[in-house]
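S.K.: What follows is a single structure, and I will ask about it in a moment.
2 protein chains.
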Amino acid sequence: MYNPVEIILKKRNGAELSREELKFFIEAFIDKKIPEYQMSSLLMAIFFQSMTPEEVQILTEVYINSGKQISFPQTMNTVDKHSTGGVGDKISLMLSPIVVACGGKIPMISGRGLGHTGGTLDKLEAIPGFRTDYSEAEFKKIIEKIGFSIISQSQELVPADKVIYALRDVSGTVESLPLITASIMSKKIAEGAQNLVIDLKVGTGAFIKNMEQAKKLGFLLKQTGEKLGQQVSIIFSNMNSPLGENIGNALEIIETIDYLKGKNLPDIHELTRKLAVEMLILAKTFTNRNDAEKKVEEVIADGSALKIFRDFIEAQGGNPACIDDYSLFATSKFSVPIISPKTGWVESINSQSIGYALIDVGAGRMTLDSKLNYGTGAKLHLKIGDKVESGSSMGTLFCDNKEIGIKVAERISSAYQIVNILVEKEKLILDKM
Amino acid sequence: MYNPVEIILKKRNGAELSREELKFFIEAFIDKKIPEYQMSSLLMAIFFQSMTPEEVQILTEVYINSGKQISFPQTMNTVDKHSTGGVGDKISLMLSPIVVACGGKIPMISGRGLGHTGGTLDKLEAIPGFRTDYSEAEFKKIIEKIGFSIISQSQELVPADKVIYALRDVSGTVESLPLITASIMSKKIAEGAQNLVIDLKVGTGAFIKNMEQAKKLGFLLKQTGEKLGQQVSIIFSNMNSPLGENIGNALEIIETIDYLKGKNLPDIHELTRKLAVEMLILAKTFTNRNDAEKKVEEVIADGSALKIFRDFIEAQGGNPACIDDYSLFATSKFSVPIISPKTGWVESINSQSIGYALIDVGAGRMTLDSKLNYGTGAKLHLKIGDKVESGSSMGTLFCDNKEIGIKVAERISSAYQIVNILVEKEKLILDKM
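Chains as they are written, first to last, in this note's numbering: chain A, 1317 to 1749; chain B, 1317 to 1749.
This is the structure we're talking about:
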């Protein structure tokens, strides 16, 4: 039996916690024997003193062991992708049917949006009738039938992360690399993914702002997964410009369908293809990158990825007719044009401030209780390095309250730094680990 | 209206909090609008990022304004003494009647023991019938009649410190200089002391282990008090050896009476006289240190300090007959001799470990709910630099359970580091600020 205060003091003073200490503290917290104020105090101490890779691995194991674990036969070579979150990041939606069309199997437990970034589950729920609250047995059945399934985290899966994440969110302890690692890896291991590709976002629209931090997190994620028997590959990608053109729940589903129908979206395509190939290679579905890449292009061009997306929608209770009839999605009452105040080149985009501004029209959430408005959002086509003319369109805002919408449009417009000298376009894929 | 998480993040990221932010956070916490887990997380962030002197002053003011403030006429020149806590530190008990006999007026709000250090209120309550729970009006009446009163902190006085201190104790955030400063100074200002002498303990038996930390704390205490209209003087004193010979509640009252009757206790006398003179000068009762010192010696020698102590006991409901009849105090069932294992000189004493060991015989508390045993404790006469012979007495342990007592006696014995080379005696008074 340990004294919780002594464990807090030990971490606060910079020492390494033992397996027994971490296990005791987390388990006693879940059993409500350690109060939230001691947990938040330990979390803040971890924020400052960090954790050794061994502590992170142990914490991840304790998280996993706090609930059930889903497993798939080794021969299935399940593979999943995780994104650390960015503005307009709907890549999971197009990536999954593409990888499945190429022969992959994806068990994906996903999350909801909070703050400036959206969540895959919220986007999917913009599809009329779509459900994400399936049991383990149903999850497995959908994967068997379709090749992938995307569901929400049940109470049974990694409950430790669920309660601790909620506490981190309200105690100022989200941005801790060890805590982020345990949170991501515990879920991705417990869901049964044998292989994992992480899209680690770096830039103004991501919570990781520079490569140094990104490399540290990447190292922790990779090492923790591999120590716990999962193959992990990290792609570092640029989040200085929002991804694609649409931001908002229904808008992003529509963009996904457009893309799977063949619409040319250069950044979406580059990143999706890169991640898809990485997943197929990691899961040994392909041994040659060129073959994998060719196959990816093929399943988009011949419509087989789109067909799988349609089957997936149907399998999870959604109305597949929405693929051909976008009027089935929620729409907004008003559209407000976003006009460029000057002529020049886009030097930087504060994507985070765009994400926060869109909360005001209901496209995102400030707290987990906030209600979403699926039809609102924005279409924004400018990327860093693009040229824009004074008075020309930077995009369109979709809202249900015009007064609020006009203010949000102004905030979005001012998130773009426009300069009168040529700005080079930025690389989307930054590095690999 | 502020967002509590944003305030936590601001401090966590090293910025200075504004008066409005600190006021909002503390007041909302007291109103139970901010939960304990956000307060403990902010406290841990303060532990790591510290506070500017301005923030400490504001925090102290917010603490004071959370409750009532007692005030005395300016002409009274009230003076109090605060000790940061040490093992065997019963100086307030002898110091108060001495200063009063010399013409001072002392409004003292005191605390209970926790961990390795005892509390003045606990010691006083070892006197049969003694009460410390007086109202402000009764407190003032006793001071008017006797010259001083020692009572406990009511719910009305600095409630912010009361609830936040309780939370710090269980969240690993006690050892923060800004938080310590606000806690001490808010109480000492709210109680109505116009002048304050702080006995800042440094050494193995204190929570401040070195002079560098001590100076930092001393500076914060002095500056905060003076900015808020209180004259503050700091005496830095050595806490490497326990103070006096007796440790334990009734035992320390008996030692106080012995001292006021004229018993020779060199360290007690040196420190008491130093603090008394400082208080009398600060409160302008004396303008000349030599005169003050002479008067201090006089009021001990002529029994007038003892008479005031007797009147004080009677005024606060205690039985003054205990001054002449020590059998009125609680005693313990057993005494266990503490024997030196070797011959040599005392090089160091782990007073903190002695304090903790005595909790096991009931002389101190591990948590605020623990029950005290007033009759237990130890008599320990050795100081650093003293010579001791193998097999000779190092002191005596007093307990009600012999088995536990023997173990505690062994732990106490092993707290003394005895070496076979001459060790110099240490200075008791280290510095002044």
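Note that the Cβ used here is the ideal one computed from N, Cα and C, for glycine as well.
Under 8 Å Cβ to Cβ from P1558/A, same chain only, skipping five residues before and after it: list those, please.
M.R.: Taken in chain order, the residues that qualify are G1402, V1403, G1404, G1521, I1665, S1667, I1670, L1696.
S.K.: Leaving out five residues before and five after E1568/B in sequence, what residues of the same chain have Cβ atoms less than 6 Å from its Cβ?
M.R.: Here the set comprises K1406, K1439, N1562.
S.K.: Shorter than 9 Å from the beta carbon of D1485/B to some beta carbon of chain A?
M.R.: So yes, D1485/B belongs to the interface.
S.K.: Using a threshold of 9 Å, state whether the C-beta atoms of K1504/B and S1553/B are closer than that.
M.R.: No, they are not a contact pair.
S.K.: Which whole runs of the beta strand (DSSP E) in the region 1682 to 1744 of chain B are 3 residues long or more, in chain order?
M.R.: Correct list: 1693 to 1696, 1709 to 1715, 1732 to 1735.
S.K.: Do the region 1427 to 1441 of chain B and the region 1542 to 1553 of chain B meet, that is, are 3 or more Cβ pairs less than 8 Å apart?
M.R.: The answer is no - the region 1542 to 1553 of chain B does not touch the region 1427 to 1441 of chain B, with fewer than three Cβ pairs under 8 Å.
S.K.: Please list, in chain order, all residues of the same chain as A1608/A whose beta carbon is under 8 Å from its beta carbon, the five residues on each side excluded.
M.R.: The residues are C1418, A1592, V1593, L1596, I1597, T1601, F1602.
S.K.: For the region 1318 to 1330 of chain A, list every residue whose C-beta sits within 7 Å of some C-beta in chain B, in sequence order.
M.R.: Those would be V1321, I1324, L1325, R1328, in chain order.
S.K.: For T1572/B, count neighbouring Cβ atoms within 10 angstroms of its own Cβ and tell me buried if that reaches 16, exposed if not.
M.R.: T1572/B should be labelled buried.
S.K.: Can you tell me whether L1512/B is buried or exposed, with buried defined as 16 or more other CB within 10 angstroms of its CB?
M.R.: Looking at its Cβ environment, which holds 16 or more other Cβ atoms inside 10 Å, L1512/B is buried.
S.K.: Using 9 Å as the limit for Cβ to Cβ distance, is Y1450/B near chain A?
M.R.: Closer than 9 Å: no.
S.K.: Just curious, the beta strand (DSSP E) that D1515/B is in, first and last residue?
M.R.: Here the beta strand (DSSP E) through D1515/B covers 1511 to 1518.
S.K.: Beta-carbon of S1356/A versus every beta-carbon of chain B: anything under 9 Å?
M.R.: Chain B, which has a Cβ nearer than 9 Å to the Cβ of S1356/A, makes this yes.
S.K.: Please name the residue in V1486/B, I1458/B, Q1733/B whose C-alpha comes closest to that of M1663/B.
M.R.: Residue 1663/B is actually Glu in this sequence, not Met. Considering only alpha carbons, the answer is Q1733/B.
S.K.: Where does N1606/B sit, in a helix, a strand or coil, going by DSSP?
M.R.: Here N1606/B sits in helix by DSSP.
S.K.: Is there a Cβ of chain A sitting closer than 9 Å to that of T1361/B, yes or no?
M.R.: Checking the displayed sequence, the identity of residue 1361/B turns out to be Ala instead of Thr. Yes, A1361/B counts as interfacial toward chain A.
S.K.: Grab the span of the beta strand (DSSP E) containing P1653/A for me, first residue to last.
M.R.: Where P1653/A is concerned, the enclosing beta strand (DSSP E) stretches over 1650 to 1655.
S.K.: Between the beta-carbon of M1355/A and the beta-carbon of F1341/A, is there less than 9 Å?
M.R.: Yes; because the gap between Cβ atoms is below 9 Å, this pair is in contact.
S.K.: Quick one: list the residues of chain A neighbouring F1364/B, beta-carbon separation under 7 Å, in chain order.
M.R.: Within chain A, the residues near F1364/B are F1364.
S.K.: Mapping the DSSP letters down to three states, classify H1432/B as helix, strand or coil.
M.R.: Looking at H1432/B - three-state DSSP - the assignment turns out to be coil, as it is neither helix nor strand.
S.K.: Does chain A have any CB closer than 9 Å to the CB of G1488/B?
M.R.: So, interface residue.
S.K.: Using 10 angstroms around the beta-carbon of Q1373/B, count the other beta-carbons present and answer buried if the total reaches 16, otherwise exposed.
M.R.: Buried is the call here.
S.K.: Determine, for Y1353/B, whether the minimum Cβ-Cβ distance to residues of chain A falls below 9 Å.
M.R.: Answer yes: the Cβ-Cβ gap between Y1353/B and chain A drops below 9 Å somewhere.
S.K.: So for I1524/A, helix, strand or coil by DSSP?
M.R.: I1524/A: coil per DSSP, three-state reduction.
S.K.: In the DSSP assignment, what residue or residues form a beta bridge with F1424/B?
M.R.: With the sequence shown as reference, residue 1424/B is identified as Met, and Phe is not the correct amino acid for it. Looking at the DSSP assignment, M1424/B forms a beta bridge with I1466/B.
S.K.: Look at the alpha carbon of R1447/A and the alpha carbon of I1722/A, and state the distance between them as a whole number of angstroms.
M.R.: Roughly 33 Å between the two C-alpha positions.
S.K.: Over what stretch of residues does the alpha helix (DSSP H) that includes N1573/A continue unbroken?
M.R.: A quick correction: the sequence has Ile, not Asn, at residue 1573/A. Start and end: 1565 to 1576.
S.K.: For L1473/B, is the classification buried or exposed, using 16 other Cβ atoms within 10 angstroms of its Cβ as the cut-off for buried?
M.R.: The residue in question, L1473/B, is buried, as its Cβ has 16 or more Cβ neighbours within 10 Å.
S.K.: Are the beta-carbon atoms belonging to I1459/B and F1388/B less than 9 Å from one another?
M.R.: Their beta carbons are under 9 Å apart, which means I1459/B touches F1388/B by this criterion.
S.K.: What span of residues does the alpha helix (DSSP H) with I1552/A cover, start to end?
M.R.: Before going on, a small fix: residue 1552/A reads as Phe here, not Ile. Where F1552/A is concerned, there is no enclosing alpha helix (DSSP H), although the beta strand (DSSP E) it sits in stretches over 1547 to 1554.
S.K.: Does the contact criterion of 3 or more C-beta pairs under 8 Å hold for the region 1629 to 1637 of chain A versus the region 1419 to 1427 of chain A?
M.R.: No contact exists between the region 1629 to 1637 of chain A and the region 1419 to 1427 of chain A.
S.K.: Measuring straight from C-alpha to C-alpha, what distance separates S1502/B and S1620/B?
M.R.: In a straight line, the C-alpha of S1502/B is about 32 Å away from that of S1620/B.
S.K.: When the Cα atoms are used, what is the spatial distance from T1376/B to E1337/B?
M.R.: Distance between the alpha carbons of T1376/B and E1337/B is about 14 Å.
S.K.: For Q1390/A, does the count of other Cβ atoms within 10 angstroms reach 16, so buried, or fall short, so exposed?
M.R.: Exposed, because fewer than 16 other Cβ atoms sit within 10 Å of the Cβ of Q1390/A.
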